[in-house]
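Worksheet for the structure shown next.
Protein chains: 2
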Amino acid sequence: MKIALAQINYHIGNFESNKQKILDSVKKAEKEGADIVVFAELAVSGYPPRDFLEFRDFVNQCNDTLQEIAAACTETAAIIGVPTYNTEPKGKPLYNSAAFVYKGKVQQLIHKTLLPNYDIFDEYRYFEPNIKFETVSFKGKKLAVTICEDLWNVQDNPLYRINPMDHLIKQNPDMIINIAASPFNYKQAEIREDVLRKNALKYRLPLFYVNHVGAQTELLFDGGSLAMNSKGEVVREMAWFEEDFAVFDTGEVESAANIQAPQHPGAIARIHDALIMGIKNYFGKLGFNKAILGLSGGIDSAVTSVLAAKALGNENVYNVLLPSQYSSEHSVTDSLNLVKNLNMPHDIIPIKKSYDALDETLKPYFKNLPFNIAEENLQARIRGVILMALSNKFGYILLNTSNKSEAAVGYGTLYGDMNGGLSVLGDVYKTQVYQLARYINRENGIIPENIITKPPSAELRPGQKDTDSLPEYAILDTILYEYIENRKGPKEIVAMGYDKKLVDRILKMVNLNEYKRYQTPPILRVSTKAFGMGRRMPIVARYLS
Amino acid sequence: MKIALAQINYHIGNFESNKQKILDSVKKAEKEGADIVVFAELAVSGYPPRDFLEFRDFVNQCNDTLQEIAAACTETAAIIGVPTYNTEPKGKPLYNSAAFVYKGKVQQLIHKTLLPNYDIFDEYRYFEPNIKFETVSFKGKKLAVTICEDLWNVQDNPLYRINPMDHLIKQNPDMIINIAASPFNYKQAEIREDVLRKNALKYRLPLFYVNHVGAQTELLFDGGSLAMNSKGEVVREMAWFEEDFAVFDTGEVESAANIQAPQHPGAIARIHDALIMGIKNYFGKLGFNKAILGLSGGIDSAVTSVLAAKALGNENVYNVLLPSQYSSEHSVTDSLNLVKNLNMPHDIIPIKKSYDALDETLKPYFKNLPFNIAEENLQARIRGVILMALSNKFGYILLNTSNKSEAAVGYGTLYGDMNGGLSVLGDVYKTQVYQLARYINRENGIIPENIITKPPSAELRPGQKDTDSLPEYAILDTILYEYIENRKGPKEIVAMGYDKKLVDRILKMVNLNEYKRYQTPPILRVSTKAFGMGRRMPIVARYLS
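Protein chains in written order, with my numbering: chain X, -6 to 538; chain E, -6 to 538.
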């Protein structure tokens, strides 16, 4: 049997575009002699459709689109992810389904059993879990069709009481098919491959895996669809971060010899590629093509600018330098060197005149109180106003340049440098931003060396350094990682050898600044725990704060 | 048996304060001769603790606190909501539990069965559902202890396949006890009472219900704890919007005659009281006492200012008038009349100087393009900058004054008038804001009549009116309500008699402005569907947009 895997970048709610992409792949599969073509989880709607699923109109459109696709699947069969109605009197209104379509109509619906409801996942919000298990019979073969998480209850996963494959295996399937929407993080590829391997080995079956590719606001999908033999060897892994299509002969997958394990890039290279895809798709799917950002002379805005240039083209990234009286000379020259290296459009717009006007306006009300955080923030907010004015005038999207370390401890100005339509580095710790800069510079030094080597500073008062109010980033980031990614408490972190006062101070800063993060742009998610939809914290609370 | 109900305003993660309040009520119950005192769902942690539950340190502190409380419950028993560990090898790591404590220790744990996972609820994210049913035996009585949603699968609720009371009733309990965390919306009291009544009647048992009271960021809890007899009559309903404590003799609850049904205020009065509590608790629990807001002369900021004054005291609401060249004269005089009526602190800070400076700074880059949305937003953002500068300088929290109609269609400036720590009216449609104003003015006309009667305008360009770009609010709000609260699609709304073009335009505006709402402050929730944690939409999508 010949099985085609279609790894596609869908657009949530854009039924016309999703349908067209699916139909194109059906045609291609047919042309290449495939018996069946497999699409990802919730392919018809895009993933995650979130609360659109609460609209019957939306679900009806999903089902209408599925019917149109089915009508075109006359010779070649297809498996397509789609939300369907639960027609039973009890349970949630929908299923997360895989439709098996053939001979012009929907022949069978397989529903998802294990519904992830942690981190960024909310599937139990919408879907009723499946409790009936049936393989798909097709051309003399039996296909164990599973949906993403359905394969994730192998061995030691304590979350679920049920394992769909344990039921399906009783029907003696010939292969496992898994349609997925498995979001990227820089550790995910190995975890995913390991889970799939455990299934192939446990059930002694070849496995065909189709993932989403592309960005859906903050969620990045890396693709990496694959065919695996029953020995758990990856016969072929498909592209990362781009659409791909491949046809496999199921017999050949099993008989293939001298299989080379796929080679994967390191964490920083993955983050680099993922962020570029994230920017590209955010703009592309919203119908924009030009970015604006404030270039401060620091490493965060420099890296953001280069990533944007790689995503959108150098000519589409408008770099605005907004020096104040506290800006060092090198902040301007370093920035100019960067924009020159990539020949990017730029302007220098000093904020002095605006600052003076606002300062004078506020003076009678500030009651001779000394310069403090209010004046520091004022500078950042004037920059925000100027960038947004240019964004509004010309239709740029403002890119936010804050990193994860800053976002964590609230080292940033709300309505100032925390502005933007999209946060590029908000899930990248400062120490990782340095690594990204080095990675970007691996061939030719795009980012001026001085930007990488000088001590980081917000330059909002004379001689200010980040280390005036924060510990060294190497220490800060480690503590943050233990708290945010690993959910360790203060006692556990102190037990790792960190100073108690420092740990308490950092965790307090993280929790007290929940209110700031609540109002920040969506953050491209590259870690196992990003700020945003996957981390849900109360604002008004007093825990470690 | 004498049973005390303790309706308390908890503080999430503030174990010391929660413990103290619980212990005070235990003492009071003991003093009043109660056999048992009942506290709300997750009383120890506060509700909702959200992802704090993913920290073992947090759950450990909950359990340590419970042990301390139990130690004090020697004579009087107590039922207390607390998260506990699931010690089984499979399933989610926690239970949402009711601890029955007596004789100085935890005697029994009852776990929640029905875990709400819709709208603002995420309980399936953390908790394993209970599958074992056991009543609590105490002093010769059997108590059917249930946790909030456990009573909500009566009659036609299709969400769940199981009904805990159907199991518990087999053990012949003497009464139902329900500990809840049931958030307010202006329709909830009747729904809640109806659900409780259905249970009392179906199982022919008296029912004791303890709810939370107070605000937890955006979620408002109205209290309304009650005792109901087995005929479904409310023997006594406890206070709304404040802490309360009552002791009931279970026999007297059943024998009481001539019971008067509780009288409830109307929707607008409820919203009024709920918002005041929301502001008060937001400030109080964060340790702030002073608010700042921009008073535009329009009805939204006027109503916000009055509600804040009622919550915080007139002297703690700093009203800033920020007129521009496009501000009408009445916008200033109306505002001044309002602040005079309540003797609130205020200042007039014209934005012209700041606007001119920024306009001049931007001119060379605006390339002689005509005045448009960029300049309109510039004014709103300068106001935002001034308000935030004063907020930073003096420790005010800025109140956001946007209403739900504006938030829905994106009629507001990001980083401008959409700023604030808390949105007071973001879940109140414009037509309801007018009703609130009339309600506020019911005794003495605090809000100047002209603010209520003049046509609404953003005053960002000469002669601007809201109706230049929006339909009449009466029509807009009805369409929005059908779309947002009722999740009707365009076809269904058009079928109700609305113009197709108008409906399409409005729904498109709602969906296109998801990116703005993503970055707005938490919104006090008073409806069945508020923007924020209970409405989760993709930003990058193309559905109805």
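All C-beta atoms, glycine included, are put in the ideal place defined by N, C-alpha and C. Bear in mind the structure is a predicted one, so any value in this text is a computation, not a measurement.
With 16 as the cutoff for other CB atoms within 10 Å, does residue i come out buried or exposed?
i        : result
E:Lys303 : buried
E:Leu331 : buried
E:Phe234 : buried
X:Leu362 : exposed
X:Lys125 : exposed
X:Asn365 : exposed
E:Gln256 : exposed
Against chain E, with Cβ distances strictly below 8 Å, would residue i count as a contact?
i        : result
X:Gly6   : yes
X:Ile445 : no
X:Val533 : yes
X:Gly482 : yes
X:Pro338 : no
X:Asp44  : yes
X:Val378 : yes
X:Met381 : yes
X:Gln209 : yes
X:Arg528 : yes
X:Ala350 : yes
Please state whether the Cβ-Cβ distance between residue i and residue j is less than 8 Å.
i         : j        : result
X:Ala63   : X:Gly39  : no
X:Leu161  : X:Asn192 : no
E:Arg454  : E:Glu369 : yes
X:Ile169  : X:Leu219 : no
X:Asn123  : X:Thr106 : yes
X:Ile(-4) : X:Val31  : yes
E:Met158  : E:Arg190 : no
E:Lys134  : X:Val533 : no
E:Glu230  : E:Gly217 : yes
E:Thr128  : E:Pro166 : yes
X:Gly414  : X:Ile440 : no
Leaving aside the five residues before and after residue i along the sequence, list all residues of the same chain whose C-beta is less than 6 Å from its C-beta, in chain order.
i        : result
E:Asp410 : Ala373
X:Pro338 : Tyr311
E:Ile269 : Leu300, Lys303 and Ala304
E:Leu473 : Ala401
X:Gly84  : Glu121
E:Ala22  : Ala(-3), Val30 and Thr69
X:Ser317 : Ile344 and Gln372
Please tell me whether, using a cut-off of 7 Å, the distance from the CB of residue i to the nearest non-hydrogen atom of the ligand SAM is below it.
i        : result
X:Arg454 : As presented, the structure is devoid of all ligands, the ligand SAM included, so that no description of it is given.
Leaving out five residues on either side along the sequence, give the residues of the same chain with a beta carbon under 8 Å from the beta carbon of residue i.
i        : result
X:Glu475 : Lys481, Glu485, Ile486 and Met489
X:Tyr404 : Ser398, Ala451, Asp459, Ser462 and Leu463
E:Ile468 : Tyr491 and Leu495
X:Tyr536 : Asn504
Within the same chain, show all residues whose beta-carbon is closer than 7 Å to that of residue i, passing over the 5 residues directly before and after it, in chain order.
i        : result
E:Thr521 : Asn178, Lys180 and Glu478
E:Asn336 : Asn307
X:Tyr491 : Ile472
E:Ala27  : Lys(-5), Ile(-4), Ala(-3), Thr69 and Val240
X:Ser324 : Ser289, Gly290, Pro316 and Glu452
Does chain X have any CB closer than 8 Å to the CB of residue i?
i        : result
E:Pro448 : no
E:Ser320 : no
E:Thr513 : yes
E:Asn385 : yes
E:Phe177 : no
E:Asn309 : no
E:Arg185 : no
At a Cβ threshold of 8 Å, is residue i touching chain B?
i        : result
E:Phe234 : Absence of chain B from the displayed structure is noted, the protein chains being X and E.
Have a look at the DSSP bridge pairing and note the partners of residue i.
i        : result
E:Asn393 : E:Ser416
E:Trp233 : E:Gly216
E:Lys135 : E:Ser130
X:Gln209 : X:Leu212
E:Ala239 : E:Leu(-2)
X:Asp115 : Bridge partners of X:Asp115: none, in fact.
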